[in-house]
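Numbering (my numbering), first residue to last: -8 to 249. Backbone N, C-alpha and C fix where the C-beta goes; we use that ideal spot for every residue, glycine too. See structure below.
Shown next as structure tokens:
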């Protein structure tokens, strides 16, 4: 994990003191995941700060706690402010849902990422969550590497994005449980499934018979949520916006913007 336990605790208390926790809780329910998982993503992205980031070519490309890309939300520079965290948490989770939906849509089909073609390999619930988490950073490349039997983090920042998010999520789950969320750690471990570390399973007293799975209708739920979103597609060079989706996908096998 690229962070200390003490830093995790400070970030967690910061989210609580700023009143952001209810937004993460609501979005976790919408996304069929845990609050700890979303906190893990935000921690990896910005140390859970509501900031502008990814400064390139004189332009900030990422906005908010979950670093919403301007390719996905061109209005971000206009509407973002240090005190305006909620909409960017919501939009970031919408992007995550888009990664889940895209992974499901690509299974068994020949699809493209940039100029590379591949057939999307089938995913189970454990795989789907892990691939989507990596895809939050590197887009469809995560499913590409998974389909080739490679590490889904092969082209993520630092080569460990989803692994690091999962490790952070475990620590956030412990804090959530200490704050009264029943079985928070066990549920996070259950959703990590086969990707959970043995040490985390032992800490949670994890029993495989207690696994919590994604609901069977997840893909449809995701599509419904995306259709309710208000993202905009950028007309910019796809090479500059490597991993963003729009809410409705007319042809999910042709991802020129990924």
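- Of the candidates 125, 10, 94 and 132, 132 places its Cα closest to the Cα of residue 106.
- In this structure, the CA atom of residue 192 is about 27 Å from the CA atom of residue 57.
- By the Cβ neighbour-count rule, residue 177 is buried, with 16 or more other Cβ atoms within 10 Å of its own.
- For residue 44, no alpha helix (DSSP H) segment is defined; the enclosing uninterrupted segment is the beta strand (DSSP E) at 43 to 47.
- In the displayed model, residue 118 falls within a helix according to three-state DSSP.
- In this structure residue 63 is buried. Its beta-carbon is surrounded by 16 or more other beta-carbon atoms within 10 angstroms.
- Of all alpha-carbon atoms in 159, 112 and 146, the one lying nearest the alpha-carbon of residue 137 is that of 112.
- Cα atoms of residue 51 and residue 43: separation of roughly 6 Å, rounded to the nearest angstrom.
- According to the DSSP assignment, residue 167 belongs to the alpha helix (DSSP H) that extends over 152 to 169.
- Under the three-state reduction of DSSP output, residue 198 falls in the coil class, being neither helix nor strand.
- In the DSSP secondary-structure assignment, residue 54 is bridged to 43 and 59.
- Residue 7 counts as exposed, since fewer than 16 other beta carbons sit within 10 angstroms of its beta carbon.
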